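Residue numbers (the numbering used here), protein chains in the order written: chain X, 1 to 343; chain E, 344 to 686.
Structure record follows, encoded as structure tokens.
Number of protein chains: 2
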Amino acid sequence: MRDLLTERSKQILEAIIEDYIVTAEPVGSRTVSRSHGLSLSPATVRNVMADLEELGFLASPHTSAGRVPTDKAYRFYVDSLLEVRNIAREEQEEIRKRCSLAGRDPGEVLRETSRMLSSLSHYTGIVVAPRFTANLFRHIEFIKLGGRRLLAILVTHNGTVQNKVIETDEELHGADLTRMCNYLNHLLRGLPIGRVKEKLLAEMQSEKVRYDALLAQALRLSQESLSETSSEVFIGGQANILEQPEFADLTRMKEIFRAFEEKGRLLGLLDRCMEAEGIHIYIGAEAHLSEMAGMSLITATYMSGKDTLGVLGVIGPTRMGYAKVIPIVDYTAQLVSRLLEVD
Amino acid sequence: MRDLLTERSKQILEAIIEDYIVTAEPVGSRTVSRSHGLSLSPATVRNVMADLEELGFLASPHTSAGRVPTDKAYRFYVDSLLEVRNIAREEQEEIRKRCSLAGRDPGEVLRETSRMLSSLSHYTGIVVAPRFTANLFRHIEFIKLGGRRLLAILVTHNGTVQNKVIETDEELHGADLTRMCNYLNHLLRGLPIGRVKEKLLAEMQSEKVRYDALLAQALRLSQESLSETSSEVFIGGQANILEQPEFADLTRMKEIFRAFEEKGRLLGLLDRCMEAEGIHIYIGAEAHLSEMAGMSLITATYMSGKDTLGVLGVIGPTRMGYAKVIPIVDYTAQLVSRLLEVD
DNA sequence: TTTAGCACTCCCTAACTTCGAGTGCTAATT
DNA sequence: AATTAGCACTCGAAGTTAGGGAGTGCTAAA
């Protein structure tokens, strides 16, 4: 791949891509030849463009239109041509300001982050909340709601709260509840939520519990309160995609909005982004999602220490301002990592 | 108003409105004259239509198109012509099924309700969560997160949870926290959240607290954890409005989606709906919101006993299937009232 | 190897035409 | 007096045609 293209071809390809990113119009040989840096006649450029088309980097909508970059071209651009600029100082400021104004609540931080990503990139921002199961158990609390209904509140080390209403077989007294909580808090403290379940099962076998109906009940209840919830996805600035000329088509737009509403389909893709830390870029069909045709996704993982917590990023047309968006996503991920850190 | 229109005019107006609701196309005299029940020639109908136009009930997009109902016509239709059918048995089933599958968590119930409203009506569903302040205090809990950070968890009688991270001046010990919680729980139990603040202020003056720094601290902390949050709005099925031909215009659509994203603008309107219990209908400009041009809102309040908890409804084009949607909204509100009831 | 020249392609736009649905008026009908 | 048939007229939607322009690919000259 490296030496398939001469230096000149690369320059021309880059010029075409960058022009197309700005204008969203097919780029003609004239335009490229005028582009500063290059001093070639349109005719020469045309020859090169024909070659690039043959190689699958360009496509022409019809004979007498200019050329349009293909997914393959964007991929090559991102891998080999693009030099990611440093993030602009004002952007940095803006990101910091927006993220911190959400306060300390993790949910709020993430929601605000998705909005911020969208407004800075002018595309759509997306943030996946940390898998609850990655957090460490800090505290459980049962609160009587009335009758046999109980509210179980589960708190993790970073202050995330999950609560669930559960029904008990028999009415429980305050003192019993306190005892149950104490027991569970002692038992589970510091355990990753993902491992709590097995711990509970193991404990159920133990001598101590076998002869104590209350403790057994406690274990059963906490198991119930752990029932998984799918990870939350925050999507900000959906309306921004309405600005993109490539989605002016109504049918296309409906598809996209339905996809945003469901979120489930996207989650599979985002999960894949979490498998390896750092920046991921999916261009067009690479996402293997029909809804993502013509769209690109740039994500970065955010971490706590060495653990990947979640992933955030930007969805936009394949014709996306990669050079600008990549550093934004990258910096945001770093910042969010720091904000969610437990100190 | 009542006798402004003859019986026949009303029938014709009704026929036009109902036809327009289905087709979204200007209705011509031919179509009306063919509509069963009426046996009049197109010419006669035309005369009546001209009168109705003069009175402001109809408008013609241009000379040789049919007539289109005005906001005034819809208002008259809703007030005087429409007889709200009973809700269809299958719809009733569907609503019950969808609402109950969300389990017992209030947040989940409301989110699912908004989705259900949209899929049944084919418009956009909207649910405003109960004002937190209307709930009764049940329990407060402080959990140490590390350092001087504390997680305050506030639970109300119906199982709604609000949590907030707060910073303390000095590090607190477990025993202190327990004492603070006990004190507060005893003090505030059963009080409406809206009144907690004044109670706290009053208590601060009391003898007991003046000489107990810990209790004073407790009061201060609980005050912090009460800081208001704007009521949550769940919007389901936004994409449905893309199906409405009247919003095919891109600019219009952008406006609407932005409004949905902000939610704040809508809240003012929805708050107004909560002022009186029961069903409210805003047609087009009646909402006094520029974003709502061409749209109608049908809402109903949901209650707990005699207290209005919140409001839910459907947003769609003014050309909305009122006869079908009104009973859906009404029934849903009743059901949600029952689901959120504390038993 | 690069470039100028040129014929050719194909879309876009605007102007023009046609067609049909619908109107309002008038005169005939009930 | 109310209703209806008849008819000329209006106006937008859809289809057609023609011109213009942007861009291409090829060939031959520099």
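From the three backbone atoms N, C-alpha and C, an ideal C-beta is built for every residue, glycine too.
What you are looking at is a predicted structure, and each value in this text was computed from that prediction instead of being measured.
Residue contact with chain X for R492 of chain E: present (Cβ-Cβ distance below 9 Å to some residue of chain X). Note on geometry: alpha-carbon atoms of Y322 of chain X and G268 of chain X lie some 23 Å from one another. Only residues of its own chain outside the window of five on either side were considered, and among them L136, F137 have a CB closer than 7 Å to the CB of G190 of chain X, listed in chain order.
Comparing alpha carbon positions, the residue from X:L40, X:L58, X:K10 closest to D79 of chain X is X:K10. M303 of chain X carries a strand assignment under DSSP once its states are collapsed to helix, strand and coil.
Three or more Cβ pairs closer than 8 Å define a contact, and the region 222-234 of chain X meets that threshold against the region 106-116 of chain X. A distance below 6 Å between beta-carbons, with the five flanking residues on each side excluded, links V155 of chain X to the following residues of its chain, in chain order: R138, H139, V161. The criterion of a C-beta distance shorter than 9 Å is not satisfied by F247 of chain X and G278 of chain X. Looking from the CA of Y625 of chain E, the closest CA among E:L640, E:R615, E:R351 belongs to E:L640.
Two segments are said to touch when three or more pairs of C-beta atoms, one from each, lie closer than 8 Å; by this definition the region 4-20 of chain X touches the region 41-59 of chain X. Contact annotation: H157 of chain X and G627 of chain E have beta-carbon atoms that are not nearer than 9 Å. For K72 of chain X, the CB contacts under 7 Å within the same chain, skipping 5 residues up- and downstream, are G56, F57 in chain order.
Under a criterion of Cβ atoms nearer than 7 Å, the residues of chain E adjacent to E141 of chain X are, in order, E484. At least one beta carbon of chain X lies nearer than 9 Å to the beta carbon of E604 of chain E. When Cβ-Cβ separations below 9 Å define contact, H173 of chain X makes no contact with chain E. The C-alpha of E291 of chain X is placed about 6 Å away from the C-alpha of E255 of chain X. By the criterion of at least three beta-carbon pairs nearer than 8 Å, the region 99-108 of chain X is not in contact with the region 17-35 of chain X. Not one beta carbon of chain E lies nearer than 9 Å to the beta carbon of M292 of chain X. Apart from sequence neighbours up to five positions away, the residues of its chain that approach M547 of chain E with a beta-carbon distance below 6 Å are L562, ordered along the chain. Taking 9 Å as the cut-off between beta carbons, the residues of the region 571-585 of chain E near chain X are G579, G580, Q581, A582, L585, in sequence order. Looking at X:G159, X:D330, X:E341, X:L340, the one whose alpha-carbon comes closest to that of Q92 of chain X is X:D330.
When C-alpha distances from V552 of chain E are compared across E:L530, E:E567, E:V679, the shortest belongs to E:L530.
Between V84 of chain X and P26 of chain X, the beta carbon gap of about 26 Å keeps them out of contact (Cβ cut-off 8 Å). DSSP lists X:E141, X:N163 as the bridge partner or partners of I153 of chain X. Take G537 of chain E, set aside five residues on each side of it, and the residues of its chain with a beta-carbon closer than 6 Å to its own are T476, in chain order. Cβ neighbours of V470 of chain E within its own chain (closer than 6 Å, five residues either side excluded): L453, T456, S457, F577, L655. One thing to note: A602 of chain E has its Cβ within 9 Å of the Cβ of L609 of chain E.
Interface annotation, D448 of chain E: in contact with chain X, CB-CB separation under 9 Å. Among the residues of chain X, none has a CB under 8 Å from the CB of L610 of chain E; the nearest is roughly 17 Å distant. With respect to chain E, the C-beta atom of N163 of chain X has a partner C-beta closer than 9 Å. For G236 of chain X, the enclosing beta strand (DSSP E) covers residues 233-236. Close partners of R481 of chain E in chain X (Cβ separation under 8 Å): I143, L145. For I281 of chain X, the uninterrupted beta strand (DSSP E) run begins and ends at 279-283, by DSSP. Here the C-alpha atom of L356 of chain E lies approximately 15 Å from the C-alpha atom of T366 of chain E.
The continuous stretches of alpha helix (DSSP H) do not include T661 of chain E, and DSSP gives it neither H nor E. Less than 9 Å divides the Cβ of L564 of chain E from the Cβ of T511 of chain E.
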